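Participant: Its first residue numbered 39, the sequence shown is counted upward by one per residue in the numbering used here.
By construction, the Cβ of each residue, glycine as well, lies at the ideal position given by its N, Cα and C atoms.
From a predicted model like this one, the values you see are computed outputs, not experimental measurements.
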Amino acid sequence: MTSYLIAGPGEEPVSLAEAKAYCRIDGTDEDALLGALIAAARLHVESLTGRALVTQTWRLVLNCPAGLVIPLPVVPVAELLEAPEGAVLQGDSLLLAAAIETLSVDYIAGYGGAEDVPADLKQAVLALIAYWYEHRDSLTSAPIGFERLIASYKRVRL
């Protein structure tokens, strides 16, 4: 199973203004650094949770037998864009009616726009930005409490 990001988010879950206010930064000298930290923090939270914070387009490619229920790897799934005939979206999974040698599914994942991102995930992004901004030379990658903010969003794999 391979997943490809087709179209990344059109916006970040946290704006530059929100990050500057959270970090108590005035002026524009640090804007480029904060922009990079915002993107890095979003990617970090997304990779740990398996969730797209803002709307993105993904492609899943795999071989599969009939009757298989395939959990889509990036959630929450908002819309199925392209799938083989007989494939049905059930929650965040795809149900296949017939065997398919090579399945390719395009779908939109994410909570929507920045305003739709759950508050605790947005807080996790802000906490990472502030921590990384203040500890540029630190080997510790996350602030205390970060794991608790994202814990309920992590996907359990059986």
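Can you check which of these residues, 54, 45, 39 and 60, is closest to residue 161 by C-alpha distance?
Facilitator: What you label residue 161 is simply residue 123 of the sequence shown in a count that begins at 1. Of the listed residues, the one whose Cα sits closest to residue 161 is 60.
Participant: Give me the residue from 130, 142, 46 and 156 with the minimum Cα distance to residue 193.
Facilitator: Translated into positions along the sequence shown, residue 193 becomes position 155. Measuring from the Cα of residue 193, the nearest candidate turns out to be 130.
Participant: Okay, do the region 87-99 and the region 146-157 touch, 3+ Cβ pairs below 8 Å being the bar?
Facilitator: Counting Cβ pairs under 8 Å, three or more are found: they touch.
Participant: For residue 182, is the classification buried or exposed, using 16 other Cβ atoms within 10 angstroms of its Cβ as the cut-off for buried?
Facilitator: For the purposes of this step, residue 182 is taken as residue 144 along the sequence shown, with counting starting at 1. Result: exposed.
Participant: Using a Cβ-Cβ cut-off of 6 Å (strictly less than) and excluding sequence neighbours within five positions of residue 133, which residues of its own chain qualify?
Facilitator: As a working note, residue 133 is residue 95 in the sequence shown. Excluding positions up to five away in sequence, the list reads 107 and 126.
Participant: Ends of the alpha helix (DSSP H) at residue 146?
Facilitator: By one-based count along the sequence shown, residue 146 stands at place 108. Counting along the chain, no alpha helix (DSSP H) covers residue 146; the unbroken beta strand (DSSP E) around it starts and ends at 138-147.
Participant: Once the 5 residues before and after residue 84 are set aside, which same chain residues still bring their CB inside 7 Å of it?
Facilitator: Counting from one through the sequence shown, the residue named residue 84 turns up at place 46. Contacts found: 90 and 91.
Participant: Which residue comes first and which comes last in the beta strand (DSSP E) that contains residue 127?
Facilitator: Numbered from 1 along the sequence shown, position 89 holds the residue referred to as residue 127. First-last of the beta strand (DSSP E) with residue 127: 126-128.
Participant: Using 10 angstroms around the beta-carbon of residue 50, count the other beta-carbons present and answer buried if the total reaches 16, otherwise exposed.
Facilitator: Taking the first residue of the sequence shown as 1, we reach residue 50 at position 12. That one is buried.
Participant: Enumerate in chain order the residues of its own chain whose CB-to-CB distance from residue 99 is below 6 Å, with the five nearest sequence positions on each side excluded.
Facilitator: One-based indexing of the sequence shown puts residue 99 at position 61. The residues are 40 and 142.
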